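Peer 1: Quick mapping for you: the protein sequence lines, in order, are chains U and X.
Note that this note's numbering has the first sequence beginning at 1, numbered continuously upward.
Note that this note's numbering has the second sequence beginning at 1001, numbered continuously upward.
All C-beta atoms, glycine included, are put in the ideal place defined by N, C-alpha and C.
Keep in mind it's a predicted model, so treat the numbers as computed, not measured.
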Amino acid sequence: MKIHEYQAKEIFRRFGVPTPRGEMVTKAADARGVAERLGTKVVVVKAQIHAGGRGKGGGVKLARSVDEAQQLASKILGMTLVTPQTGPAGRLVRRLLIEEGLDIKRELYLSILVDRAVEAPVIMASSAGGMEIEEVAKKDPSAILRETVRPATGLQPYQVRKLAFGLGLGADGAKVLGPFLQSLYRAFNETDSSLAEINPLVLTGDGKLIALDGKMNFDDNALYRHPDLAELRDLDEEDALEVEASKFKLNYIKLDGAIGCMVNGAGLAMATMDIIKLSGGSPANFLDVGGGANAEQIKNAFKILTSDPEVRGVFINIFGGILRCDVLATGVVAACRELQLKLPVIVRMEGTNVDQGRQILRDSKLNFTIAEGMKDGAEKSVRLAAQGGAR
Amino acid sequence: MSVLVNESTHVVVQGLTGREGGFHAEQMIAYGTKVVAGVTPGKGGTLHLDVPVFDTVADAVRVAHANAAAIFVPPPYAADAILEGIDAGLPLVVCITEGIPTLDMVRVAAALRASKTTLIGPNCPGIISPGKCKIGIMPGQIHRPGHVGVVSRSGTLTYEAVDQLTRLGIGQSTCIGIGGDPIIGTTHLDAVRLFNEDPDTHAIIMIGEIGGNAEQLAAEYVGKHVKKPVVGFIAGQTAPPGRRMGHAGAIISGGSGTAEEKYEAMAKAGIHCVQSPADIGQTVAAVLGKAATR
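(1) Determine the chain U residues that contact Y1159 of chain X at a beta-carbon separation under 9 Å, and present them in chain order.
(2) Going along chain X, which residues have a C-beta under 9 Å from G373 of chain U?
(3) Using a beta-carbon distance below 9 Å, is G1255 of chain X in contact with chain U?
(4) On the DSSP letters alone, give me the boundaries of the beta strand (DSSP E) that R106 of chain U sits inside.
(5) Grab the span of the beta strand (DSSP E) containing L96 of chain U for me, first residue to last.
(6) Hey, quick one: how far does the alpha helix (DSSP H) through A1069 of chain X stretch, first residue to last?
(7) Of all Cβ atoms in chain U, is any one closer than 9 Å to the Cβ of G1242 of chain X?
(8) Run down chain U in chain order and give the residues with a C-beta less than 8 Å from the C-beta of R1107 of chain X.
(9) Please determine, among X:L1103, X:L1168, X:C1175, the residue with the shortest C-alpha to C-alpha distance to G1155 of chain X.
(10) Given this structure, state the Cα-to-Cα distance separating Q356 of chain U from F368 of chain U, to the nearest angstrom.
(11) Going straight from the alpha carbon of E398 of chain U to that of M349 of chain U, what length do you get?
(12) Which residues in chain X have a C-beta closer than 7 Å to the C-beta of S194 of chain U? List them in chain order.
(13) V1151 of chain X and I1086 of chain X: beta carbons closer than 9 Å?
(14) Are the C-beta of N300 of chain U and some C-beta of chain X separated by less than 9 Å?
(15) What span of residues does the alpha helix (DSSP H) with V1266 of chain X cover, start to end?
(16) If the cut is a Cβ gap below 9 Å, which residues of chain C does P121 of chain U touch?
(17) Please name the residue or residues paired with S193 of chain U in a DSSP beta bridge.
(18) Indicate the three-state DSSP secondary structure (helix, strand or coil) for M24 of chain U in the structure shown.
(19) Taking the alpha carbon of G373 of chain U as the point to measure from, which residue in U:S364, U:R383, U:G321, U:I316 has its own alpha carbon closest?
(20) When you compare the CB of F315 of chain U with every CB in chain X, is at least one pair closer than 9 Å?
(21) Can you find at least 3 beta carbon pairs, one from the segment 12-31 of chain U and one from the segment 50-62 of chain U, that sit closer than 8 Å?
(22) Can you check DSSP and say which residues form a bridge with Y252 of chain U?
(23) Where does A1191 of chain X land, buried or exposed, given buried means 16+ other C-beta within 10 angstroms?
(24) Would you report the Cα separation of G1177 of chain X and I1128 of chain X, rounded to the nearest angstrom?
(25) Is the beta carbon of L145 of chain U sitting closer than 9 Å to the one on L163 of chain U?
(26) Rank U:L341, U:E310, U:A271, U:T272 by C-alpha distance to the C-alpha of K299 of chain U and give the top, closest one.
(27) Can you find the residues in the same chain that come closer than 7 Å, C-beta to C-beta, to L1112 of chain X, ignoring five residues on each side of it along the sequence?
(28) Could you confirm whether any beta carbon from chain X is found closer than 9 Å to the beta carbon of Q85 of chain U?
(29) Hey, does A240 of chain U have any beta-carbon neighbour from chain X nearer than 9 Å?
(30) Of all Cβ atoms in chain X, is any one closer than 9 Å to the Cβ of F12 of chain U?
(31) Beta-carbon within less than 7 Å of A385 of chain U's beta-carbon, same chain only, minus the 5 sequence neighbours each way: which residues are those?
(32) Quick check on the burial criterion: 16 or more other C-beta atoms within 10 angstroms. Buried or exposed for L1016 of chain X?
(33) Quickly, what does DSSP pair P1145 of chain X with across the bridge? List them, please.
(34) Would the beta-carbon of L108 of chain U fall within 9 Å of that of L203 of chain U?
(35) Compare the C-beta of I3 of chain U against all C-beta atoms of chain X and say whether one is closer than 9 Å.
(36) Who pairs with P121 of chain U in a beta bridge, going by DSSP?
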């Protein structure tokens, strides 16, 4: 789960990670009051969306007076911000973070994430603050410092020293970096984060380390033990169909093709997208209905994927294991009836109770196209979607 | 022969009296798996599905001589269940549970390194040596005893591949679903190594997906050490970057973990790369045919 920068910084402060002073606003008029309270010569107006590269898109501006802060706030609020990470459609700005300006001496990069290769959290740091870490990794991988934090020992002082001297902060810097990193690691660990990233981390003129930016992603699997963090979810930042799907515990990701897919199992769902592409078509979505889906969930899944206006045909690819083909067929028939669906529906079923499943489809007298195997199903879907997909 | 599980595997089911555990234990028993014990704290001394239930895994090992565990407990308790299996000295623990927090698995991984236990999963369909033993949730009837080893991160995609093999009359030595999480026990590399060392496995299917570099590491090993034919498929050639495709581990992050780079590594290692998931069985038949006439 992603959260906004201002939320990440609130969590940082709770664990003792220093951040600039600032407040979140949703109205331009409030920006003025915040700028006055901050009282610094320069304040920073930052668009809050769940995507990086905001500065490049014009979503981060400096204001040199309270008037300018308000002007900039009214300009940025409500704009559609396009950054390298939002895609061409961009993202509507609904919230701003107004922060004090700082006397910046150096900009660094710092993050903690779970590295699957070493099966533990890893601290990554680099002197190239403000640059995307992926770019640094491509240009000069040796510029990235890495320290693995083992659960049994935690973050050790020698690791802090390696990072501090590696970043050129010297002995004085190591004294400041130690408590900073311990706090950040605690924030990461105790919130079950999958990523805590500060880019840039700044060294100020008076030798302080401050998280100028802040990003945290949480492990969805661990949210059950952090109900307070789960509340930070901002549904405005997510695709409406994906939000709807998550209510029914369906794994749905919207893509831009014309063939809606319904599959059980993530691997088979990806493979189904692939074979549609190989057959000359393009998938409209990823949808994994999971192993234990019931007829009601199948019905909801079907509603969601057909409410995408781009969809011209539906390919159902199910290998029945725990999910029985008769249960699937019952759900699909119910959904088609209720929605009075005109789109071509191509069904490929295999596995548990496949004969009963096919019988249910036939008995429904609805216009299903039965496929033999994945390849046949994908090819029929591409053909029928191209022909008949008028709605 | 087969790897990891066979006729002498005696299984304890952790979570036997739960809905999932009970259902799948019944299926496992019907398949012929020797389920010798269940564990549900507080229900020790009772019987469930005619199987004796114990309070702890240690008891199940001591009294019922279990040598493998199948875990069906809910995610908040699953890491603890794995650690209990490791503590009881079990050589094999298979964790089916989906949704275990990653940082819980960081602690489990550390304990595993210091143990003799092999973990399969979590978030996996389990392991089956057709005709001998099934620990997991895969439909037993689609399998057939034979000589192809299958390793995969996915459940239903593995069934798909196995079904293609069986329809072509090609049986399997062992099929291992290693799971779709970022931190797992047995990796592609571990499984490929086991199949390479098993004289009864004549060919290997490696099914991967986007995210991480486990397939590349296995491919490197294949290039250096494996003489048996290996067939490879990677799911997610059309997956967009930065999105988790259902499995917690299936994500292209920072431009790495793409299907393209995995295929490249596999091709370099001499693995027979399959682009379409519908062609996995055919490709195995073709390479086995060539191997037979060589």
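Peer 2: Taking the coordinates as given:
(1) G265, L268, F319, G320, G321, E350, G351
(2) Q1164, A1278
(3) yes
(4) 104-115
(5) 96-100
(6) From DSSP, A1069 of chain X is part of no alpha helix (DSSP H) but of the beta strand (DSSP E) over 1068-1071.
(7) Closer than 9 Å to some Cβ of chain U, the Cβ of G1242 of chain X qualifies, so yes.
(8) P151
(9) Residue X:C1175 is the option with its Cα nearest to G1155 of chain X.
(10) Near 15 Å, if we compare the C-alpha coordinates of F368 of chain U and Q356 of chain U.
(11) Residue 398 of chain U lies beyond the stretch modelled for chain U, which goes from 1 to 391, so this question has no answer here.
(12) T1102
(13) no
(14) no
(15) According to the sequence provided, residue 1266 of chain X is Met. The question's Val does not apply to it. First-last of the alpha helix (DSSP H) with M1266 of chain X: 1259-1268.
(16) Absent from the structure: chain C. Protein chains present are U and X.
(17) U:F218
(18) strand
(19) Ranking U:S364, U:R383, U:G321, U:I316 by Cα distance to G373 of chain U puts U:I316 first.
(20) no
(21) no
(22) U:L287
(23) Flag for A1191 of chain X reads buried.
(24) 9 Å
(25) yes
(26) U:L341
(27) I1086, L1119, G1185
(28) yes
(29) Residue contact check for A240 of chain U against chain X: no CB pair falls below 9 Å.
(30) Output row for F12 of chain U: interface = no.
(31) A258, I259, G281, R312, G313, P344
(32) By the C-beta density criterion, L1016 of chain X is buried, having at least 16 other C-beta atoms within 10 angstroms.
(33) For P1145 of chain X, DSSP records a beta bridge to X:Q1172.
(34) yes
(35) no
(36) U:V114
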